[in-house]
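Working notes for the structure below.
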Amino acid sequence: PDYYADTKYTEEELSSFYQAYKEQFKKPEQVNIIYLAVKPEQFITNVNVTDSEIQDYYQEHKSEFKKDKKGPEEKSDVISDEIKSKISGVLKKTGAKNIAEDLIWKIQDKIDSGLALKEAAAANKLEVSETGFFSPWDPIPGIGWAYKITQTAFSLTPGKISDTIEAQNAFYIIQLKEKKAPYIPAFSEIKTKVEKSFRNKQAEEIAKKDAQKKLDKITELSAAKDDIDGFCKEHNLSFKQTGYITRKSYI
């Protein structure tokens, strides 16, 4: 049954529900940060890998290159095109990361010397971005899930700039722009959310009453050795068996 569809409410009931449960609608602390991201992938095309570098890498990592999981190591000094391509890819990523790291530290040095984040970025033809407000339990807008950045952001005071943070395969410097204390939104601000919560709670109560009513009927039919299967079929119910489970198993 669609118990949610059976829910009803008045504006007065909704308002009373909000007053009774307003703490559950409380917004957690939120921050808004300005950030500079330097991503190694931006510099892949700037990295040139020579045949000599590929050969050196191959000699140092020969054991990693096998014809198959159980096969022997490559014995010849002639490297296949496939392996060359793999090594080139690894070296390009490493080189790009080194370029990105050098750049972020160059910017960090300018900031430590007193330059603002935006100015330090502009001096290197880079732009900063702004996230908008997010809480500790939200993905960071424009960045995604990055615990190190979130942890740092909430530890800063407004205006303060972080040290370099390595996260999400990139290097970041962040500045806390604003911090918003926890608060309970006004009813008008979250009326739709309150309505959904109220109806979910009401649907749960309706479902519980219906389940108890059906259980009482099944118990009654069982005691009378009556047609339980017919009742279950009529109400789209079925008995299921879990099989053996342990105390720590999922049911």
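So in the working numbering, the last one in the sequence shown is 241, and the numbering has no gaps at all. Where a beta carbon is used, it is the ideal one built from N, C-alpha and C, also for glycine.
- Here serine 152 is buried. Its C-beta has 16 or more other C-beta atoms within 10 Å.
- Here DSSP, grouped into helix, strand and coil, assigns tyrosine 48 to helix.
- C-alpha of lysine 74 to C-alpha of isoleucine 44: approximately 7 Å in a straight line.
- The Cβ atoms of phenylalanine 161 and alanine 106 do not sit closer than 8 Å to each other.
- In this structure, valine 28 places its C-beta atom within 8 Å of the C-beta atom of isoleucine 94.
- Closest option to leucine 4, judged by alpha-carbon separation, among Ile196, Ala197, Lys186, Asp219: Lys186.
- Burial is judged here by how many other beta carbons sit within 10 angstroms of a residue's own beta carbon; arginine 189 has at least 16 and is buried.
- Of the residues Phe55, Thr84, Lys83, the one whose Cα lies closest to the Cα of serine 70 is Phe55.
- Glycine 134 sits in a strand when the DSSP states are folded into three classes.
- The Cβ-Cβ distance between valine 184 and phenylalanine 15 falls below 8 Å.
- In this structure, Tyr11 is the residue among His51, Gln202, Tyr11, Tyr48 with its C-alpha nearest to the C-alpha of lysine 191.
- Of the residues Lys223, Ser239, Gln165, the one whose Cα lies closest to the Cα of alanine 110 is Gln165.
- Less than 8 Å separates the beta-carbon of serine 78 from that of valine 39.
- Counting other Cβ atoms within 10 Å of its Cβ, valine 118 reaches 16 or more and is therefore classed as buried.
- Per DSSP, the beta-bridge partners of lysine 169 are Val21.
- Taking the Cβ atoms as the reference, tyrosine -1 lies roughly 17 Å from alanine 197, outside the contact range of under 8 Å.
- For tyrosine 162, the three-state secondary structure derived from DSSP is strand.
- C-alpha of aspartate 92 to C-alpha of serine 125: approximately 31 Å in a straight line.
- Residue environment analysis places tyrosine 173 among the exposed positions, since fewer than 16 neighbouring C-beta atoms fall within 10 angstroms of its C-beta.
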